[in-house]
Amino acid sequence: MTKQQLANNNASMSSSGRAGQPDALSCLPASFVTRGVRTPFTTKSLRYARVLIGQSGRTLVSLPGLSGGLGTYEMPLETLREVFDLSVHDRMLFDRLITLEKFTPEVVREHARAVAVTGVGGVALARAGITGNKEEKAARELGQLTLLYQALRQLGGNDVQDMKREDLLTMEGQIRARKALNRFAASAGLENDSIIDTLGEWSVLSAPVGLGIEGCEGPLRLLALGLQKLAGDVEEWSISEQSDFRFMATRVINAASATNDHAVRLLRKIDLWNNELGKVLKDWSKARDDLQKDIGRLWWVLDGWQELIDLWRSRPGHDRVRQREIVEEIASFAPVLPIEELEKLEYEFWVDVRVNQMLWASELRKLGSGEIDADMVDRLERFRRQSA
1 MTKQQLANNN ASMSSSGRAG QPDALSCLPA SFVTRGVRTP FTTKSLRYAR
51 VLIGQSGRTL VSLPGLSGGL GTYEMPLETL REVFDLSVHD RMLFDRLITL
101 EKFTPEVVRE HARAVAVTGV GGVALARAGI TGNKEEKAAR ELGQLTLLYQ
151 ALRQLGGNDV QDMKREDLLT MEGQIRARKA LNRFAASAGL ENDSIIDTLG
201 EWSVLSAPVG LGIEGCEGPL RLLALGLQKL AGDVEEWSIS EQSDFRFMAT
251 RVINAASATN DHAVRLLRKI DLWNNELGKV LKDWSKARDD LQKDIGRLWW
301 VLDGWQELID LWRSRPGHDR VRQREIVEEI ASFAPVLPIE ELEKLEYEFW
351 VDVRVNQMLW ASELRKLGSG EIDADMVDRL ERFRRQSA
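By UniProt numbering, the letter at position 77 of the sequence shown is numbered 77, and the numbering carries on one by one without gaps.
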């Protein structure tokens with residue numbers, strides 16, 4: 001029986017189960033928090049680990065697809081160093097994570113980037129981190145300037161309509177902009193310079209998203225674009241593939257596209273604020289809370305995809321066997337959206353994705369996550385029993 005036939009049988013079983021069992025969604029995470037945050041360890045066995053706070057309040061690490069059919073392990077984070085032979089990079093990252101009381105994708109990314117740039121994870125990882133920091137800093141600064149210019153155009157009146165964005169880099173331009181925005185502040189009953197201060201706070205808060213203008217895109221906007229490109233690339237790649245891998249590639253395409261749809265809706269919602277600058281600036285406290293909520297949710301929606309996009313980008317150009325292995329890996333470990341993020345009409349789709357993932361993960365043998373000995377299996381079982 002082929003993988004496609006097995007997957008179809010599984011999907012059929014899950015569909016019939018949904019008709020009679022109210023817990024058919026149990027294969028999906030209930031929330032982003034219970035799904036956990038993707039944690040970029042470099043140790044092979046931990047490459048798809050996630051950290052989360054368990055129901056008891058204890059910090060756990062979730063290890064999906066470990067050694068093929070062993071399933072998903074959840075074990076106390078503090079036991080990680082006792083079970084696995086961690087790389088120097090992972091020990092440094094572990095030492096940072098163990099001190100955290102709250103885990104979000106943004107916070108974990110910040111700590112992972114700080115470890116990466118030290119070079120302990122290798123030259124490539126350090127170079128990527130350093131380059132990423134420079135590019136994000138440049139986009140953040142240009143975005144701040146652009147946001148100020150947009151506010152000036154919308155709110156500054158006729159006296160400043162002749163100004164260009166580059167004029168804000170000069171002392172004369174900054175004085176003109178401040179005077180114009182202070183006039184708006186006075187008309188809105190706000191304090192002088194409050195508009196400038198609010199725009200500065202806004203640009204910092206929205207930096208992970210940035211603006212939909214070339215050079216101003218934040219990492220989340222770029223990640224959403226990368227997700228869209230991944231779906232397109234894999235679709236083109238799959239055209240000449242045999243049925244098993246074409247079926248698997250379709251699941252990658254659909255999961256990436258469905259996730260991107262959620263991300264794009266949030267991006268559009270966030271971008272709407274830029275078209276209503278006056279309204280936002282008059283009631284910044286409320287707008288700030290809404291903006292924080294939407295950006296935070298976008299972090300969660302896209303969490304875990306960057307590593308898979310990078311994996312696809314690293315594929316060898318002419319090694320079809322390795323390309324198939326990469327597609328299989330992405331299909332098996334693509335992040336699944338939790339129930340709290342989904343509409344009811346999306347349930348069946350994501351259950352089908354997860355059912356197929358459990359099938360494929362149990363068949364993987366080449367990821368390196370299966371390279372664990374019997375002693376480690378015993379230790380994992382012991383720690384899982386202790387944490388149960």
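A virtual CB, placed ideally from N, CA and C, is assigned to each residue, including glycine.
- Separation of GLU236 and PRO105 (C-alpha to C-alpha, rounded to the nearest whole angstrom) is 30 Å.
- Judged by DSSP secondary structure, ARG50 falls within the beta strand (DSSP E) whose first and last residues are 50-53.
- Our two residues, PHE245 and THR131, have alpha carbons roughly 34 Å apart in a direct line.
- Looking at ALA188, ASP162, LEU168 and ALA139, the one whose alpha-carbon comes closest to that of ILE213 is ALA139.
- The residues SER332, in chain order, have a CB closer than 6 Å to that of GLN357 in the same chain once the five nearest residues on each side in sequence are set aside.
- Within the model, the alpha-carbon separation for GLY119 versus THR59 is close to 27 Å.
- Between the beta-carbon of ASP90 and that of THR43 there is about 5 Å, and that keeps the pair under the 8 Å contact cut.
- Shortest Cα-Cα distance from PRO208 to any of THR250, ALA249, ASP303 and PHE247 involves ASP303.
- The three-state reading of DSSP puts PRO76 in strand, counting E and B together.
- With fewer than three CB-CB distances shorter than 8 Å, the stretch 283-299 does not count as touching the stretch 315-332.
- In chain order, ASN182 and ALA185 place their CB closer than 7 Å to the CB of ASN192, counting only its own chain and leaving out the 5 sequence neighbours on each side.
- Pairing ILE196 with ALA231 gives a Cβ-Cβ distance that is not under 7 Å.
- Excluding the 5 residues flanking it on each side, VAL336 has same chain C-beta neighbours closer than 8 Å at LEU28, PRO29, ARG35, ALA255, TRP350, VAL353, ARG354 and GLN357, in chain order.
- Here ARG38 is bridged, per DSSP, to ARG50.
- Under the three-pair Cβ rule at 8 Å, the stretch 133-150 counts as touching the stretch 198-205.
- Secondary structure note for THR59: it is in no alpha helix (DSSP H), and the uninterrupted beta strand (DSSP E) holding it is 59-63.
- Apart from sequence neighbours up to five positions away, the residues of its chain that approach ARG221 with a beta-carbon distance below 6 Å are VAL209 and GLY210, ordered along the chain.
- Using a Cβ distance threshold of 7 Å, ARG50 and SER62 count as a contacting pair.
- Bridge partners of GLU217 according to DSSP: GLY210.
- The alpha carbon of GLU328 has as its nearest neighbour, out of LEU169, ASN260 and LEU311, the alpha carbon of LEU311.
- In the DSSP assignment, ASP319 falls outside any alpha helix (DSSP H), carrying neither H nor E.
- The C-beta separation of LEU169 from GLY215 comes to about 15 Å, leaving the pair out of contact by the 8 Å criterion.
- With respect to the 7 Å criterion, LEU308 and ILE330 are classified as neighbours on the basis of their beta carbons.
- Burial of MET92 is indicated by the presence of at least 16 other C-beta atoms within 10 angstroms of its C-beta.
- A Cβ-Cβ distance of about 23 Å is found for the pair VAL234 and LEU266, leaving them out of contact under the 8 Å criterion.
- For a cut-off of 8 Å, the C-beta gap from LEU25 to ILE339 is around 6 Å, short enough to register as a contact.
- Counting along the chain, the unbroken alpha helix (DSSP H) around TRP284 starts and ends at 284-302.
- Taking the C-beta atoms as reference points, GLN228 is found nearer than 7 Å to ASN260.
- When only Cα atoms are considered, LYS164 and VAL108 end up about 38 Å apart.
- Per DSSP, reduced to three states, the secondary structure at SER243 is helical.
- With a cutoff of 7 Å on beta-carbon distance, LEU281 and THR198 are scored as near each other.
- Counting C-beta atoms within 10 angstroms of its own C-beta, LEU223 has 16 or more neighbours from the protein chains shown and is therefore classed as buried.
- If one requires a minimum length of 4 residues, no alpha helix (DSSP H) run lies completely within the stretch 125-178.
- Straight through space, the alpha carbons of LEU272 and TRP284 are spaced by roughly 15 Å.
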